[in-house]
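Chains as they are written, first to last, in my numbering: chain A, 1 to 417; chain F, 418 to 834. Glycine included, C-beta positions come from ideal geometry on N, C-alpha and C. Below is one structure, written out as structure tokens; the observations come after it.
Okay, structure coming up:
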């Protein structure tokens, strides 16, 4: 179907906040076989909201409206919709009761009124009756309009869990067959990946291959369309196989996979416990590892050793090693990994020590120099990388390189791409 | 003046590319005193381009159109504009000559014809006569329309170097004076902040106050416009003072300030060294602290102690304390903070232990229960928070609450908001 996406908020039209929700919605709606006729971003202005809604109802088969559903006084989507569509707001006591129950302790303590969230335009139905967030739909002039929160993670959850499926039911037919897959790649630059896949481009008009740098990863998308399920599936399988072969072990996962989840699953499968000793990444690798639910099953803990003193006292790095080789060196990285393993009793320990910048570099060890070491029963190895970029880029690249090293060790791959 | 931004490209409406150019333009136009009535993103479709242009000419004083100016077959902005505004394209030999000279290396190699770039709608004038890129403007129905490339850095260059100044000249007057400030708030929900500031809203049409949850922070924006510098400055100073007073110590910074930077500056100013002992935040606080350049001046390091064993061995938490009170308890948090301080010799140590979920909760200690402890010469205190949300939200809220506790300790404020 033809859809229109309308994002509402002064923070968007004044250029303070980048609108990522419309982009997210467009990508998923497109993948579900819909075409987006327009993505409109407007301020918190009732007249412009009304005008945009009417226009969407003329040129599209459905509309997604995001933002302006909150409880504060500048949230005026519901009133504007009520006026524009001549659907006076009505009170939903059940919604208020649930929101009050689920509202954060902060809100309750602060004595804040959330009643506004329970006044919806006539004919509105909740999208998800157990959700702790705003979000409803209504059908006007025979066309469904979905109203979603502007907060990205809430909007994304409701879109994926309710809107896509309701639209499929609404369309009442098998949507245009689209197969889409994202290959997630780490450790290779976009241009090198492009070179590996260029021979596959332009061979078939039903196939699109895209490259999206999401630093320090690169995501490669494959889109295949077809008029029949069988046609699209066969074509998709061919390209999927060819791309997978070309990317090889640089591809760590697909679609929504995260590197830290892939590493976590491998650790769990192999019954391997992990410890970390981080200097220049400052806890960034540990934070990624522990962002995964259930990571306490395989992650024991780690040390963030920023000072040399702590490298000695906590990890037992010999003062002589630090004096002779410096904190950023093969010897120190190996001693840190050994120390972390001894300290925690983990099966595998990763150590990282480097110069994230902006200061601390030297001609021999410029900013971006990072030593990694892995220590385990089957491995004791150190590697040096030289990452480009400013502080956060060096730190981010080092976090991903470290995680990828653990993945490669567990899969028996060469430890460095 | 009132402006509209129209971005053209199938890559945008299919959700393959995030539209950052409209965001860039909106921010700079807003800062120059203009108001954006709508940002419209549409595909490479002549009918929709025509409709969007006509609409912009009705509701705005000027329009910025980006994308679709290239030399390939899917670039059809010029033809669509020519049809929509009844301005047949005319050939500009001087433009072609310059583009051919400047584009020789890539276009000649690729055997690409760039002639298309020299056919512009009647009445079009180049934006920059020495530019190696497309970009022109024309005046229709007495309103200026600017056509810019979709490539972000080209569009940004032309916008900053030509569009902003031409619009100021067009307006024929000193641009409207705009003062903008963002107050960054942590530890209070959006609705409570709204309650504190509601009395300031709607008092003056020249003043806009906005609320933006950027979890777990809230950003409050103040925008003041005036026709003279003195008028706007005086009004801004009044509101700035009133909002600051209302937000009190919940406001940790302004505009681009980050909480970890504010905490870092305070530690540096006071010559106070910091250590961390993290359980449920898993290194997330350390990662934030060390994301700040120069953090090695005040951050010594820390321990990520996920297992009980490591809490005992690394931080010296007594097995009896863990057995009697559990890992998530006041006694354990205090012992962790003491241990981290002893281990590192830091002036101040923060410990965090809690249940991030999704598993691990109990009726007495549900998911979201987090104990914090601060240990230093002048303080030994523990606090319990109960955060709502899923794992990443609990972790993120705990990171910010922990950082804010350090800020409050260093400023002599109550440790809990």
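Approximately 13 Å separates the beta-carbon atoms of residue 72 of chain A and residue 625 of chain F; this is outside 8 Å, ruling out the contact. The way I'd put it, the segment 672-690 of chain F doesn't touch the segment 745-756 of chain F; fewer than three beta-carbon pairs between them come closer than 8 Å. Of the other Cβ atoms in all chains shown, fewer than 16 fall within 10 Å of the Cβ of residue 545 of chain F; this residue is therefore exposed.
In the three-state scheme derived from DSSP, where H, G and I count as helix and E and B as strand, residue 816 of chain F is classed as helix. Against chain A, the CB of residue 809 of chain F has a partner CB under 8 Å away; the residue lies at that interface. Residue 144 of chain A sits in a strand when the DSSP states are folded into three classes. In chain order, 534, 535, 537 and 543 place their CB closer than 8 Å to the CB of residue 512 of chain F, counting only its own chain and leaving out the 5 sequence neighbours on each side. Closest in alpha carbon position to residue 358 of chain A, among F/712, F/703 and F/646, is F/712.
Between residue 610 of chain F and residue 635 of chain F, the C-beta gap is smaller than 8 Å, which places the two residues in contact. Secondary structure note for residue 569 of chain F: it is in no beta strand (DSSP E), and the uninterrupted alpha helix (DSSP H) holding it is 569-575. If you ignore the 5 residues before and after residue 381 of chain A, its C-beta comes within less than 8 Å of the C-beta of 373, 374 and 415, all in its own chain and listed in chain order.
For residue 563 of chain F, same chain residues with a beta-carbon under 6 Å away, outside a window of 5 residues either side, are 481, 554 and 580 in chain order. Residue range 479-483 is occupied by the beta strand (DSSP E) that includes residue 479 of chain F. For residue 91 of chain A, the enclosing beta strand (DSSP E) covers residues 89-91. At a beta-carbon threshold of 8 Å, the residues of chain F lying near residue 301 of chain A are 720, 721, 722, 723, 724, 727 and 731, ordered along the chain.
Distance from the Cα of residue 141 of chain A is smallest, within the candidate group A/130, A/60 and A/115, for A/60. In the DSSP assignment, residue 793 of chain F forms a beta bridge with F/765. A straight-line Cα-Cα distance of about 11 Å links residue 468 of chain F and residue 475 of chain F. Measuring C-alpha to C-alpha distances from residue 195 of chain A to each of A/240, A/153 and A/247 identifies A/247 as the nearest. Under the rule that a run must span 4 or more residues, the alpha helix (DSSP H) segments found entirely inside the segment 717-772 of chain F read 725-732, 736-742 and 747-761. Per the coordinates, the alpha-carbon of residue 388 of chain A lies some 30 Å from the alpha-carbon of residue 429 of chain F. Spanning the alpha carbons of residue 302 of chain A and residue 693 of chain F requires a straight line of approximately 12 Å.
For residue 775 of chain F, the closest Cβ of chain A is nearer than 8 Å. Within the segment 27-49 of chain A, the residues whose Cβ lies closer than 9 Å to any Cβ of chain F are, in chain order, 27, 28, 29, 30, 31, 35, 36, 37, 38, 39, 40, 41, 42, 43, 44, 45 and 48. Annotation: the segment 660-716 of chain F contains the following complete segments of the alpha helix (DSSP H) (minimum length 4 residues), in chain order: 676-687 and 701-707. Each residue's CA atom was taken as its position, placing residue 733 of chain F and residue 99 of chain A some 43 Å apart. Residue pairing of residue 116 of chain A in beta bridges, as defined by DSSP: absent, with no partner found. Residue-level contact by beta carbon fails for residue 240 of chain A and chain F, as no gap is shorter than 8 Å. The C-alpha of residue 80 of chain A lies about 20 Å from the C-alpha of residue 615 of chain F. Annotation for residue 612 of chain F: the continuous alpha helix (DSSP H) segment containing it runs 607-614.
Among the residues of chain A, those whose CB is under 7 Å from the CB of residue 630 of chain F are 151, following chain order.
Residue 284 of chain A is positioned such that its CB atom lies no closer than 8 Å to that of residue 384 of chain A. For residue 495 of chain F, no CB of chain A lies under 8 Å from its own CB, so it is not counted at the interface with that chain. Taking CB atoms only, residue 649 of chain F has no neighbour in chain A less than 8 Å away. In the three-state reduction of the DSSP assignment, residue 77 of chain A falls in the helix class, which pools H, G and I.
Distances from the CA of residue 310 of chain A to each of A/286, A/279, A/396 and A/348 were compared; the closest alpha carbon is that of A/279.
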